[in-house]
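Each step along the sequence shown adds one to the number in numbering that gives the first Met the number 0, with nothing skipped, and position 106 is 105. Note that beta-carbon positions come from the ideal geometry of N, C-alpha and C, so glycine has one too. Model, not experiment: these values are computed from the prediction.
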Amino acid sequence: MAQDDPPDNSDKSTEWAELRTDLAEDRNIMAMERTFAGWMRTAFAAIGIGLGFKAVFGAFDPPWLAKAIATVFILAGAWLAITAQKRACRTLERLETHKFEAISTPNFRVLAYSVAAGSVLLIAGLWILNDGAIAP
Numbered sequence: 000m001a002q003d004d005p006p007d008n009s010d011k012s013t014e015w016a017e018l019r020t021d022l023a024e025d026r027n028i029m030a031m032e033r034t035f036a037g038w039m040r041t042a043f044a045a046i047g048i049g050l051g052f053k054a055v056f057g058a059f060d061p062p063w064l065a066k067a068i069a070t071v072f073i074l075a076g077a078w079l080a081i082t083a084q085k086r087a088c089r090t091l092e093r094l095e096t097h098k099f100e101a102i103s104t105p106n107f108r109v110l111a112y113s114v115a116a117g118s119v120l121l122i123a124g125l126w127i128l129n130d131g132a133i134a135p
């Protein structure tokens, strides 16, 4: 009997339906993981836009305006990472794996909170550092 074959019981159609349902649930988990990865890419893009804005418009007048706009984008990236993690964890709580092992929930948290912490450090560096030196 192959791995995907249902166990031998009297009602084959019920067994096949249960197997298809189990496999569909596994596909939903994999789709959720791909969606999480997409949201994390969007978070990194927002952070990159913030850095790019500050780099391109660094000599903006007033000088704090470029930093403020960059900060908004970087904070948006941090928020996206945390939100994606929370949604992924809620989805994993509702679903159960059958044929494969899903990524553990703490890995989602570690990645999301690392991105958020990095964003906060980046914002601090953006406001505190002035041409590579601590601002006066």
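Environment of residue i [buried if 16+ CB atoms lie within 10 Å]
i	result
K11	exposed
M31	buried
K53	buried
G76	buried
T20	exposed
M29	exposed
V114	buried
Cβ neighbours of residue i in the same chain (closer than 6 Å, five flanking residues each side left out)
i	result
I68	F52
Nearest candidate by alpha-carbon position, reference residue i, set the options
i	options	result
G47	L110, K85, L121, W126	L121
A36	S118, A111, A115, G124	A111
A25	W38, R93, V71	One point to set straight first is that residue 25 is Asp, not Ala, in the sequence displayed. The residue with the shortest Cα to Cα distance from D25 is R93.
L22	E95, A80, F72, L79	E95
Heavy atom of the ligand MN within 6 Å of residue i beta-carbon
i	result
T41	Judged by which ligands are present, the structure shown has none, so any question about the ligand MN falls away.
Endpoints, alpha helix (DSSP H) assigned at residue i
i	result
L64	62 to 93
Contacting residues, own chain, Cβ-Cβ under 7 Å from residue i (five flanking each side not counted)
i	result
F107	F35, Q84, A87, C88
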